[in-house]
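Heads up: the sequence shown is residues 567 to 676, going by our numbering. Even glycine gets a Cβ: it sits at the ideal position worked out from N, Cα and C. Just so it is clear, the structure is predicted and the values come from calculations on it, not from any experiment. What follows is a single structure, written as structure tokens, with notes after it.
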Amino acid sequence: MKITLHFPNENPKNEKDLYTKKTFNAPFIPLIVIKTLTEMREKSENDLQQFNDEELEQFIDLVCITFVNQFTSDDFYRGMATDKISEFITEFHDKAFNIQREGTGSSGKK
Numbered sequence: 567m568k569i570t571l572h573f574p575n576e577n578p579k580n581e582k583d584l585y586t587k588k589t590f591n592a593p594f595i596p597l598i599v600i601k602t603l604t605e606m607r608e609k610s611e612n613d614l615q616q617f618n619d620e621e622l623e624q625f626i627d628l629v630c631i632t633f634v635n636q637f638t639s640d641d642f643y644r645g646m647a648t649d650k651i652s653e654f655i656t657e658f659h660d661k662a663f664n665i666q667r668e669g670t671g672s673s674g675k676k
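Listed below in structure tokens is the structure:
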């Protein structure tokens, strides 16, 4: 599994160069992530895309665990583009549970 986050560029040359992208890889999704996501689904009244603050915090902690703390939750909050978060949540969930969605060409396999 991969994630790309944006980090402020310390020496920007122009407006397009304000951020640098960094991609992180996770070799696998630990079983604790599936266990915790299952518990979250059972307790939550919200859909995946409508986490409350506490659920979002817990989800981001799981992402950090999955990526072996290569970045912090603060890095995630600051570096994840708002137009990509829903897609990432769905992809993360689907990969954790090995769900393949029709028409996307995406599967839970890495």
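### Message
Determine whether the beta carbon atoms of residue 631 and residue 600 lie at a separation below 8 Å.
### Response
Indexing the sequence shown from 1 puts residue 631 at position 65. Indexing the sequence shown from 1 puts residue 600 at position 34. The answer is no: Cβ separation not under 8 Å.
### Task
Give the DSSP-derived three-state secondary structure of residue 625 in the structure shown.
Within the sequence shown, residue 625 is the residue found at index 59, counting from 1. In this structure, residue 625 counts as helix in the three-state DSSP scheme.
### Task
Rounded to whole angstroms, what's the CA-CA distance from residue 623 to residue 577? Just pull it up for me.
Residue mapping note: residue 623 aligns to position 57 of the sequence shown, counting from 1. Residue mapping note: residue 577 aligns to position 11 of the sequence shown, counting from 1. Cα to Cα, the separation comes out at about 31 Å.
### Message
Taking the straight line between their C-alpha atoms, what separation do you get for residue 626 and residue 647?
### Response
Taking the first residue of the sequence shown as 1, we reach residue 626 at position 60. Taking the first residue of the sequence shown as 1, we reach residue 647 at position 81. Residue 626 and residue 647: Cα-Cα distance of roughly 14 Å.
### Task
Grab the span of the beta strand (DSSP E) containing residue 589 for me, first residue to last.
Within the sequence shown, residue 589 is the residue found at index 23, counting from 1. Looking at the DSSP string, the run of the beta strand (DSSP E) that includes residue 589 is 585 to 591.
### Limits of the beta strand (DSSP E) - the one that residue 573 falls within
Residue numbering aside, residue 573 sits at position 7 when the sequence shown is read from its first letter. First-last of the beta strand (DSSP E) with residue 573: 568 to 574.
### Through-space distance from residue 570 to residue 609, alpha-carbon basis
Along the sequence shown, read from residue 1 onward, the residue named residue 609 stands at position 43. Along the sequence shown, read from residue 1 onward, the residue named residue 570 stands at position 4. Approximately 29 Å, taken between the alpha carbons.
### Message
Suppose the cutoff is 7 Å on Cβ atoms and the five residues either side in sequence are ignored; what does the same chain contact list for residue 606 look like?
### Response
Mapped onto the sequence shown, residue 606 falls at position 40. Result list for residue 606: 621 and 624, in chain order.
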